[in-house]
Amino acid sequence: MRDHDFTTVNPHWLGRLLALPEDCKPVLTEDALDREGLLLLPAGSSPDASWPERLRERRLRQPLEKLLKIDEFEPRLLLPQRSRQLLQDSRFLQALLGHADECATSVAILKMLPLRGAIAIWLAIMHQQGELDHALRVCLLAIGLARHLNLSALEQQQLAIAALMHDIGELYIDPSYLAAQHTLQPEEWRHVVNHPVLGCQLLLALGDLQTPRPVAMAILQHHERLDGSGYPLSAQGDKLNQGGQILMLADTICQLLGRQPFFPQRIDIALKILPGEFDYDIVSTLCRINRLSSKSLQAPAVDVPDLSKQMQALLQQIGRLTQRFWAMTELGIGMSPPARKLLDGSMQRFNTIQRAISSTGAGELPHDQKDDELMRELWCVIGETRWRLRNLARQLALRVDKLYAHEQAPFMALANALMEV
1 MRDHDFTTVN PHWLGRLLAL PEDCKPVLTE DALDREGLLL LPAGSSPDAS WPERLRERRL
61 RQPLEKLLKI DEFEPRLLLP QRSRQLLQDS RFLQALLGHA DECATSVAIL KMLPLRGAIA
121 IWLAIMHQQG ELDHALRVCL LAIGLARHLN LSALEQQQLA IAALMHDIGE LYIDPSYLAA
181 QHTLQPEEWR HVVNHPVLGC QLLLALGDLQ TPRPVAMAIL QHHERLDGSG YPLSAQGDKL
241 NQGGQILMLA DTICQLLGRQ PFFPQRIDIA LKILPGEFDY DIVSTLCRIN RLSSKSLQAP
301 AVDVPDLSKQ MQALLQQIGR LTQRFWAMTE LGIGMSPPAR KLLDGSMQRF NTIQRAISST
361 GAGELPHDQK DDELMRELWC VIGETRWRLR NLARQLALRV DKLYAHEQAP FMALANALME
421 V
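FYI, the numbering for the sequence shown is 1 to 421, going by full-length UniProt numbering.
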């Protein structure tokens, strides 16, 4: 992982900084100087429209994030207050965190976190962009899981900071990719996939924590999965830390709870459809909490026509993809070792997904099936299968540039076909 000193100001982060409201604008605590000692911005000034031009392509003596302070934003007051509101609205969080006194203990952790300097700036930007609630939900889920797994008070605090900061790398990415209304194609995904690495580097360089490494590693690994199907490193097994796995599953559950319509079955199916993806103990805890929180919950009807036809269409697409994989295998005699390894690993992953969907029995349902419970499960299986096939496409695309030029086109064609499911 390449080191980054962040002395060149990131334009995407700066644009978000400029968007902060006037009553929440930070001020420079000291002069911003370039490497030669030239004054670029005086102490006491606040971000304005002149900053991008004055800072363009200039290397500073210190990262700008370290020179800023927000007096009017106090995260240790805002976060507990907002957390209590989120708890009231979430049956899942209530079931995870327990009775009122246990919830209060979990929320109290937020008051003890060192939320100053660059961390406060990042939180202010997230708050302004409407992204703070997601970070807080992930944080509360991570704290709850840490408590169920009997992690120490220090580990709970480290996980809480990592959860709040897990997407700070996205603040440094072109917002057009993050706000896209369509499913990102593999080439577009390249711009987003590096945000865990960026977040890890940012926390290490600018977070001003006494023991930053456990926090940074959890941020780095919050999209990694035990079977190697995550990103950005595709690490697996014992190369992954427990903190990163807790954070990844907390983020995953948050995403699932936010999807509409929400069916409780989606959580169980997402966590169990591919054995080996996730930590068994954490999955067991989450599935138990899911059952507790969904008791007496009236699930909505599936308002999607022709689900059985959708499943048959998906199975037909999988059949065509199988033919593509076998065709590439036949061409693989002359492949370089990296290309052969990429093909074999991708085909193994594809076969695992194929076996998983077969094991659900979803393809055997009659076309006139009207049972709401089965229809909800079918909807969830289709969604999870499509997501994993598209994830495989992105994994392929991220590794194509390591191949010889003449080998790249067939793999990109395969990635594009996987994205079409």
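Built from N, CA and C at the ideal position, the CB exists for glycine as well.
Under the three-pair Cβ rule at 8 Å, the segment 122-141 counts as touching the segment 158-171. DSSP places alanine 19 in the coil class of the three-state scheme, outside both helix and strand.
The beta carbon of leucine 202 is closer than 6 Å to those of Ile168 in its chain, skipping five residues each way along the sequence. For the alpha helix (DSSP H) assignment, the uninterrupted runs of no fewer than 4 residues enclosed by the segment 148-225 are, from N- to C-terminal side, 153-165, 175-178, 186-189, 195-206 and 212-220.
Residue pairing for leucine 39: DSSP places it in a beta bridge opposite Leu33. Taking a contact to require three or more Cβ pairs closer than 8 Å, the segment 101-112 and the segment 135-146 qualify as touching. Nearest neighbour of lysine 341 by Cα position, chosen from Ser46, Ala162, Phe73 and Phe411, turns out to be Phe411. Residue environment analysis places alanine 135 among the buried positions, since at least 16 neighbouring C-beta atoms fall within 10 angstroms of its C-beta. In this structure, alanine 218 places its C-beta atom within 7 Å of the C-beta atom of leucine 247.
Within 10 angstroms of the beta-carbon of lysine 309 lie fewer than 16 other beta-carbons, which makes it exposed.
Valine 283 sits close to leucine 271, with the two beta carbons spaced by under 7 Å. Here DSSP, grouped into helix, strand and coil, assigns lysine 295 to coil. Collapsing the DSSP output to three states places valine 421 in coil. According to DSSP, valine 27 shares a beta bridge with Lys69. Taking 7 Å as the cut-off, the Cβ atoms of phenylalanine 92 and serine 293 count as close.
Per the coordinates, the alpha-carbon of serine 152 lies some 28 Å from the alpha-carbon of aspartate 268. When DSSP states are grouped into helix, strand and coil, arginine 61 belongs to the coil group. In its chain, beyond the 5 residues on either side, Leu28, Thr29, Glu30 and Asp31 have a beta carbon closer than 7 Å to the beta carbon of alanine 43. Inclusion of glutamine 408 and valine 421 in the CB contact set at 7 Å is not warranted, their separation being larger than that value.
Straight-line measurement puts the Cα of cysteine 139 at about 8 Å from the Cα of isoleucine 161.
Non-local beta-carbon contacts of leucine 110 in its own chain, meaning distances under 6 Å to residues more than five positions away in sequence, involve Leu79 and Pro80 in chain order.
In the three-state reduction of the DSSP assignment, threonine 360 falls in the coil class.
Exposure of arginine 213 is indicated by the presence of fewer than 16 other C-beta atoms within 10 angstroms of its C-beta. Secondary structure note for leucine 403: it is in no alpha helix (DSSP H), with a DSSP letter that is neither H nor E.
Contact check between the segment 324-333 and the segment 389-405: fewer than three CB pairs, one atom from each, fall below 8 Å, which does not count as touching.
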